[in-house]
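First up is the structure itself, then whatever we jot down about it.
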Amino acid sequence: MVADGGTLIALEFGDVEHRLMPMLRARFGSAPPLEPVDDMTEIAAAIRTYFAGDIRAIDGILTDGGGTEFQQSAWAALRTIPPGEVRTYGEMAALLGRPNAARAVGSANALNPVSLVVPCHRLVGSNGALTGYGGGIERKRWLLAHERRWA
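According to the working numbering, the sequence shown is numbered sequentially starting from 123.
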């Protein structure tokens, strides 16, 4: 987890942390030094509360994932999907006013630096299949089941 002044700028599961450094380098030119800081306490508490069953606890976390204008739009749209629900990449593209941009939505998701809080796990293939998730399909399946349970 990387935060700046109480705003989350990167979040990755520990077993896929190798994805975090390239994202930080792409955004900042070099990976910033990672040190625990007090302003992450509330963010960490909200994430723990999410995993304990209050799936709305992460809704208020401020994020700044950088990215292009399209990526920012795609990530903002992801946060409108209620916990316990999913959308297809095509549905998200249509929501963004670009109905033929399902692949671009997928590419934006792949570069989402604040997964979980910007819930890219809530997107599925056009046939409802669980597809592409940087944290792995099993984790995606678990997150969706967790959210359905507590929604």
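Quick reminder that beta carbons are idealized off the backbone N, C-alpha and C, glycines included. Note that the structure is predicted; figures quoted are calculated from it, not measured.
Taking 8 angstroms as the cut-off, the Cβ atoms of residue 246 and residue 210 count as close.
With distances taken between CA atoms, residue 258 lies nearest to 137 out of 137, 143 and 198. Around the beta carbon of residue 266, 16 or more other beta carbons lie within 10 angstroms, which makes this residue buried. No Cβ-Cβ contact shorter than 8 angstroms links residue 166 with residue 172. Ranked by Cα distance from residue 189, the options 235, 223 and 272 are led by 235. Pairing residue 193 with residue 233 gives a Cβ-Cβ distance under 8 angstroms.
Just measuring C-alpha positions, the residue of 250, 244, 186 and 248 sitting nearest residue 264 is 244. Nearest to residue 134 by C-alpha distance, out of 251, 253 and 238, is 238.
The beta carbon of residue 268 lies closer than 6 angstroms to none in the same chain, with the five residues before and after it left out.
Between residue 132 and residue 145, the beta carbon gap of about 6 angstroms places them in contact (Cβ cut-off 8 angstroms).
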